Amino acid sequence: AQSVTQLDSHVSVSEGTPVLLRCNYSSSYSPSLFWYVQHPNKGLQLLLKYTSAATLVKGINGFEAEFKKSETSFHLTKPSAHMSDAAEYFCVVSGQAAGNKLTFGGGTRVLVKP
Amino acid sequence: KAGVTQTPRYLIKTRGQQVTLSCSPISGHRSVSWYQQTPGQGLQFLFEYFSETQRNKGNFPGRFSGRQFSNSRSEMNVSTLELGDSALYLCASSYRGPNEKLFFGSGTQLSVL
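Spelled out as structure tokens, the structure:
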């Protein structure tokens, strides 16, 4: 079985400060891991994807995530938050053990203060 | 290139009715997957179609069904609606399947009264 836990349901940051969204996963095999973002009244948009090529994955809009197998973590970071980063973020895992079905974390809602 | 289009955007139904939602994928994409999003349960995978065949299914009752046409457009149907079916239903498309980059539509907001 596979599962994803996003450790914070809400994160509040000031504009220009770093953002850290934490994600832990459980998967029987080498997983594929994703971060998606959802802005209000919109569908999800892929930020980045880990597929074992490199442990540090760079995504769009200045986001990056680091895969740490020993800690079963895939935390998302951005050095400097922008107002447009206010949204909900989902960590997602997929793996052969689950028939390549996607399992979503509960989401982290990010608030950016001016 | 046009994005993923879901229709209708909003739906209001009553318990016991049935509903059909439509999804038009990005041109060239053969995989269409469906997801239910609720405040309580979060995002959950419903099913995935590839070249008109259901390739994967989530843990939902048989009242939830879908199909895919030869042009890759997909529909999902929910019969005998229950209050708990109120949700945002999202459709996503890709070339080969959910394990690659998915392109999501804006969803259909279903309210069951």
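Order-wise, the sequence lines are chains V and D. The first sequence maps to residues 6 to 119 in the numbering used here. The second sequence maps to residues 6 to 118 in the numbering used here. All C-beta atoms in this analysis are idealised placements derived from N, C-alpha and C, irrespective of residue type, glycine included. Keep in mind that this is a model prediction, so the values were computed, not measured.
Can you list, in chain order, the residues of its chain with a C-beta nearer than 6 Å to that of residue i? Leave out the 5 residues immediately preceding and following it.
i	result
R114(V)	H15, E93
S27(D)	T12, E80
G67(V)	K83
T77(V)	N29, Y30
G64(V)	L52, L53
So what's residue i in DSSP terms, helix, strand or just coil?
i	result
L88(D)	helix
S37(V)	strand
I31(D)	coil
S56(D)	coil
S99(V)	strand
G47(D)	strand
G71(D)	strand
S89(V)	helix
N66(V)	helix
W97(D)	According to the sequence shown, residue 97(D) is Ala rather than Trp. DSSP places A97(D) in strand when its eight states are reduced to three.
F65(D)	coil
T12(D)	strand
N46(V)	coil
Within a Cβ cutoff of 8 Å, which residues of the same chain sit near residue i, ignoring the five residues on either side of it in sequence?
i	result
T22(V)	S85, A86
L107(D)	S38, A97, S98, S99
Since residue i and residue j should fall inside the 8 Å C-beta cutoff, what is the C-beta to C-beta distance between them, to a whole number of angstroms?
i	j	result
S91(D)	S116(D)	5 Å
Q59(D)	Q49(D)	Actually they are not in contact, since the Cβ atoms of Q59(D) and Q49(D) sit about 16 Å apart, beyond 8 Å.
Y54(D)	Q73(D)	4 Å
R35(D)	S56(D)	5 Å
Q82(D)	G71(D)	Correcting the residue type first, residue 82(D) is Asn in the shown sequence and not Gln. So it is a contact: roughly 7 Å between Cβ atoms.
In angstroms, rounded to a whole number, what distance separates the CA positions of residue i and residue j?
i	j	result
Y30(V)	V42(V)	18 Å
P66(D)	P119(V)	45 Å
C96(V)	S29(D)	25 Å
A17(V)	P45(V)	Note that residue 17(V) is Ser in the sequence shown here, rather than Ala. Whole-angstrom Cα-Cα distance: 17 Å.
L95(D)	A59(V)	30 Å
F79(V)	P36(V)	11 Å
W2(V)	Q50(V)	No statement about residue 2(V) is possible, as the shown extent of chain V runs from 6 to 119 and does not include it.
V62(V)	K54(V)	7 Å
E69(V)	L81(V)	6 Å
M88(V)	T25(D)	37 Å
K73(V)	D90(V)	24 Å
Who are the near neighbours of residue i in its chain, counting only those whose CB is closer than 7 Å to its CB and skipping five residues on each side?
i	result
F109(V)	V9, F95, V97
E71(V)	T60, L61, H80
Notebook entry, point to check: Quick one, which residues of the stretch 89–111 of chain D are near chain V if we go by CB-CB under 7 Å, in chain order?
Noted result: L95, G102, P103, N104, K106, L107, F109, G110, S111
Next item on the list: Using a Cβ-Cβ cut-off of less than 8 Å, give me the residues of the stretch 53–67 of chain V that come near chain D, in sequence order.
Entry: K54
Next item on the list: Can you give me, in chain order, the residues of the stretch 49–83 of chain D that have a beta carbon less than 9 Å from any beta carbon in chain V?
Entry: Q49, F50, E53, R60, N61, K62, G63
Check: Quick one, which residues of the stretch 98–117 of chain V are near chain D if we go by CB-CB under 7 Å, in chain order?
Finding: S99, G104, N105, K106, L107, F109, G111, G112
Checklist line | the stretch 18–48 of chain D: positions lying closer than 7 Å to chain V by Cβ | finding: Within the stretch 18–48 of chain D, the residues whose Cβ lies closer than 7 Å to some Cβ of chain V are G47, L48, listed in chain order.
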